[in-house]
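Chains as they are written, first to last, in UniProt numbering: chain A, 1 to 369; chain B, 1 to 369. Where a beta carbon is used, it is the ideal one built from N, C-alpha and C, also for glycine. These figures come from a predicted structure and were not determined experimentally.
2 protein chains.
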Amino acid sequence: MHRLELTKPDGRALTLYAREAMGDIGPAPSPFAEPLGRFPHLRHHPLRDEWITYAAHRQDRTFLPPPEYNPLAVTVDPANPTELPVGNWDVAVFDNRFPSLSLGANEAPELIVDTAPGTGKCEVVVFTQDREASLGALPLSHIELLLQVWADRTAQLGALDAIQYVLPFENRGAEVGVTLHHPHGQLYAYPTVPPVPARMHQVEQAYYARHGRGALADHISRERSSGERVLYYGEHAIAFVPACARYPYEVWVAPIEPVATFCDLTDAQRADLARALKTVLMKYDGMWDRPFPYLMAWYQAPLDGVPHPESHLHAEFYPPYRTRDKLKYLAGTELAAGWFAMDALPEDKARDLQAVEVDIDAPATEKNR
Amino acid sequence: MHRLELTKPDGRALTLYAREAMGDIGPAPSPFAEPLGRFPHLRHHPLRDEWITYAAHRQDRTFLPPPEYNPLAVTVDPANPTELPVGNWDVAVFDNRFPSLSLGANEAPELIVDTAPGTGKCEVVVFTQDREASLGALPLSHIELLLQVWADRTAQLGALDAIQYVLPFENRGAEVGVTLHHPHGQLYAYPTVPPVPARMHQVEQAYYARHGRGALADHISRERSSGERVLYYGEHAIAFVPACARYPYEVWVAPIEPVATFCDLTDAQRADLARALKTVLMKYDGMWDRPFPYLMAWYQAPLDGVPHPESHLHAEFYPPYRTRDKLKYLAGTELAAGWFAMDALPEDKARDLQAVEVDIDAPATEKNR
C-alpha cells in the first residue's frame, strides 16, 4: 500500500492511497477557501444515557454547486476546485467539511442537560476515481486496498487518546438519503463507544466470559453447519443472511476466525474478506438488475488499548427494501421500542440472494485511471 | 366512558368506546371470513441480546382491496364488510389481522438461534369515524376519551401474565410508510420489556436511586425554568422540544407530576394532557399548513405488578422532516452506531413551533357522526 498525506488550503487533511507508486501529485484542492468556523457539541440524553451531537454549522452550507458538480471528481480546472487532485491514486480519505464530530471542538454551551465538546472525526472515504463504478464493481485488489485503508484509518485514529471507536460505513442509494452518487463511504471516529457497539461489546464480553469463545465466532460456525443462509464460504471469510436478521435482506460479512479490528487481518484473511464482500455486493446488484441501496457498517473492537478476544470484526448490511418495489419503513415498534418486526423469513431472503450467480473473478474494467 | 366488547366472525376482538351511551350496535364485521392461520415467532439476536419477531403470514395478504376501499370506515353494505360497524361510537380497538405478536402463538421453529413463540398482541386503534379528521382536529373531549382508551387497553392487557409492556403509537404520513390515511394508531403489547423502554427504565431506576426523584420529572422542571423550548405549559401537563432532541422537530408531552401509566392519570391530569397534546398536533399541522408526518410513541412503566415511582408516562414525537422540504434520513451513525447527529439546534426548532398560533378551544366540527 502506498500512502501520501496532504493538507488542503482550508486546513483539512487529505490522504491518498494506491496499490502502485503514485508518482507526482499536485497540491490538495478544496472547494472552500476559509477554515472551518464553528464546531460541534454534544448533549446528554437524560432518559437514554447517550450522547447526541449537534453541528449547527452544517446549516451554513452556503456553497451551492450546480447539479452536475461532483466534489469527489478530481480537479481538472483549478478555477473550479473539487475535493481531490489529479493523480495515480485509488482511494482517498479527507476530513468532512461539515463534521458532526471534530478534533478542533473544545467547548460546549451551558444547558439544562450535560454537554461536552463534539470531539471526534468525520472522514469521507472515496472508493475510486470512477464515478460510474460501485464498491462491488471494483477489482478484488482494489477492495483489498480499501480494507487496508480502513485498517490505516483505524490505526491512525485509534492512536489518539480522544478516540475510542472507529466506524466505517457506506450509505448507498437515494432511498437512504444519498444525493452524491460517486462511490464513497464515511468514517466516524467517536470519543466514547456509541450505544449500539457498546451494547454489542457488553453482550460479547458476557458471552466470552461464560463460554471462552466469541459470540459471533460461535454464530458463524452454526451458520456454516446449517448452510441454509450462507452466501459465501471461503477459507478465511464468510457471508450470510443471519438467522436473526432485522432487515429483510440483511447480510453479515466476517472473517471466520475472530479478529478484533481491521489492523489484525492477515493478508490471506483480507484477500478472502474482499472476495466475500464482492460476492455480496454483486449479488445485491444482480438480484433486481439495478443498484441495490443499503447501509453497510463495519463493527470492530473499542480502541481502548486493551485486548478484545471477545470482539469480532464484521460488516452488517441493512438494505431498505423488503421486496423489489416495497420499502421497509422503520416505524413504531422498531424506532420507539427497538423491537424489530419482520414479515419475511431470513431463509426466504437468503434463497433470493443465493439464486443470483456472480463471477467475482471476471476481469473488471477500471475507468478514469 | 362507555365500552362495548364484540367478537368478529373470524374470532378477533373488537371493542368500541364512546363518550355517550352507544345505543344499538350491529354485529362486528370483518373483511376476512377465516380465522388466522399462522402465528408469529421470536428469534434471539446473539450480538444484541434482543428479540426480533417474524410474522411470515403477513405475506399471505391475498386480500387486495380496490384503492378507494377503507377498511376503517363503517360497514354500510354487509356484502362488502369493513372492520367496523355502524353505530354511535367514538374510538374503536380491534385485533390486527396480521399481527407481529399474538396471544395465540404457542410454538416456534428450532433454529441455530434461540426462539420463542411470538406471544403478545397487536391492536389497531381507530381514533374517529371521520376519515377526513386527524388526532389534532378532534375535540378535547374526544382526545380525553382516547387517553382513557389507552388506559383501558393498558389495564386489560397488563392484567395478562404474558404481557410485560404496552406501547401505544401512531405512524402518521406517507413519509413514514403509512398507506391508510383514516386517523388511527396502533398498540403493541410485548411479552418482555423491549430494548428502548428497558434502557429508559434502567436509566430512570438508577437516577431515582441516586436522587430520590424521577429523571423526567427533574428534566421537566428544568425545561420549565428555562422556558426556551416550551410549547405548552398548563396546570398539570407540559409539551416541549427537549434540549436533547434526536429529531429536528422532536417533542415530548407529559403530565408534570410523575404518573407510571395511563391508568394512574387523574381526570384533571388527563384533561390537561389532552390540551398539551392537541396544542402540539395543531402546531405541527399549522407550521407548514399541511399534515405533518410523525411517529408518536407513549412510554409508560413496565407492567410487572410492582410500583414504578421512577417511571413517568410521556409521549415522544419523532417527525421525519428537518426542514419543510428535506427529510432526515437515519443512516450510518444513527442506525449502526445509535449515535444521533443533528444539524439543527432544538432551540431553533422550538422557536419555529412556538411561532405557530393555535386555538385548541375553537369549536371543532365532527363529521360522519
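Review point. Residue 361(B): buried (16+ other C-beta within 10 angstroms of its C-beta) or exposed?
Key: exposed
Exercise for review: For residue 282(B), decide whether its Cβ has a neighbour in chain A, counting only Cβ atoms nearer than 7 Å.
Suggested key: no
Review point. Would you say residue 373(A) reaches chain B, if we count a Cβ-Cβ gap shorter than 7 Å as a contact?
Key: The shown model of chain A, from 1 to 369, leaves out residue 373(A), and the question about it has no answer.
**Study point:** Inside the segment 259–292 of chain A only - alpha helix (DSSP H) runs reaching at least 4 residues
**Key:** 267–287
Point to revise | Inter-residue Cα distance where the pair is residue 166(B) and residue 117(B) | key: 18 Å
Exercise for review: Can you pull the chain B residues whose beta carbon is under 8 Å from the beta carbon of residue 309(A), in chain order?
Suggested key: Neighbours of residue 309(A) on chain B: none; closest Cβ ~15 Å, over 8 Å.
Exercise for review: Round the Cβ separation of residue 329(A) and residue 176(B) to the nearest angstrom and send it over; I've been treating them as touching at under 8 Å.
Suggested key: 6 Å
**Study point:** Contact test: residue 55(B) Cβ vs the ligand FAD heavy atom, cutoff 6 Å
**Key:** Among the ligands in the structure shown, none appear at all, so the ligand FAD cannot be discussed.
Practice item. Using a Cβ-Cβ cut-off of 7 Å, state whether residue 340(B) counts as contacting chain A. Key: yes
Exercise for review: May I ask you to report which of helix, strand or coil DSSP gives residue 67(B)?
Suggested key: coil
**Study point:** Span of the beta strand (DSSP E), counted from its first residue to its last, around residue 15(B)
**Key:** 13–18
Review point. Since residue 332(A) meets chain B, which of its residues come closer than 8 Å, beta carbon to beta carbon?
Key: 167, 169, 170, 171, 186, 188, 295 and 297
Review point. For residue 183(B), which three-state DSSP category applies?
Key: coil
Check your understanding: On the premise that residue 82(B) lies in contact with residue 27(B), defined as a C-beta separation below 8 Å, what is that separation, rounded to the nearest angstrom?
Key -> Rounded, the Cβ-Cβ distance is 13 Å, inconsistent with contact.
Check your understanding: At what residues does the beta strand (DSSP E) containing residue 117(A) begin and finish?
Key -> 115–117
Point to revise | Listed by chain order, chain A residues near residue 318(B) by CB distance under 7 Å | key: 335
Review point. How many Å lie between residue 162(A) and residue 39(B) at the Cα?
Key: 49 Å
**Study point:** Same chain, Cβ closer than 6 Å to residue 170(B), five either side skipped, listed in chain order
**Key:** 185 and 296
Check your understanding: Closest Cβ-Cβ distance between residue 201(B) and chain A: below 7 Å?
Key -> no
Review point. What residues from chain B crowd round residue 43(A), counting only those whose CB sits closer than 7 Å?
Key: 243 and 244
Exercise for review: Along the alpha helix (DSSP H) that carries residue 203(A), what are the first and last residues, could you check?
Suggested key: 195–211
Practice item. Find out if the Cβ-Cβ distance for the pair residue 352(A), residue 203(B) is shorter than 7 Å. Key: no
Exercise for review: Grab me the residues of residue 303(B)'s own chain with a C-beta within less than 8 Å of its C-beta, minus the 5 sequence neighbours each way, in chain order.
Suggested key: 154, 157, 158, 163, 164, 165, 166 and 261
Check your understanding: Taking only beta-carbon atoms, is residue 82(B) less than 7 Å away from chain A?
Key -> no
Check your understanding: Expressed to the nearest angstrom, what Euclidean distance is found between the alpha-carbon atoms of residue 316(B) and residue 242(B)?
Key -> 10 Å
Point to revise | Residue closest to residue 248(A), alpha-carbon to alpha-carbon, out of 239(A), 189(A), 347(A) and 199(A) | key: 347(A)
Review point. Which residues, in order along the segment 21–42 of chain A, keep a beta-carbon less than 9 Å from a beta-carbon of chain B?
Key: 40
Review point. So with Cβ pairs under 7 Å, would you call residue 52(B) a contact of chain D?
Key: The question asks about chain D, but that chain is absent: this structure's protein chains are A and B.
Review point. In whole angstroms, what separates the C-alpha of residue 19(B) from that of residue 145(B)?
Key: 7 Å
Review point. What residues are listed by DSSP as bridge partners for residue 189(B)?
Key: 121(B) and 166(B)
Exercise for review: Kindly say whether residue 215(A), judged by its beta-carbon, lies nearer than 7 Å to any beta-carbon of chain B.
Suggested key: yes
Check your understanding: Would you call the CB atoms of residue 115(A) and residue 43(A) closer than 7 Å?
Key -> yes
Review point. Quick one: any contact between the segment 277–287 of chain B and the segment 131–147 of chain B, if contact means 3 or more CB pairs under 8 Å?
Key: yes
Practice item. Run down chain B in chain order and give the residues with a C-beta less than 8 Å from the C-beta of residue 55(A). Key: 341, 342 and 343
Practice item. Identify whether residue 350(A) lies in helix, strand or coil by the three-state DSSP scheme. Key: helix
Exercise for review: Compute the Euclidean distance between the alpha carbons of residue 14(B) and residue 221(B), then round it to the nearest angstrom.
Suggested key: 40 Å
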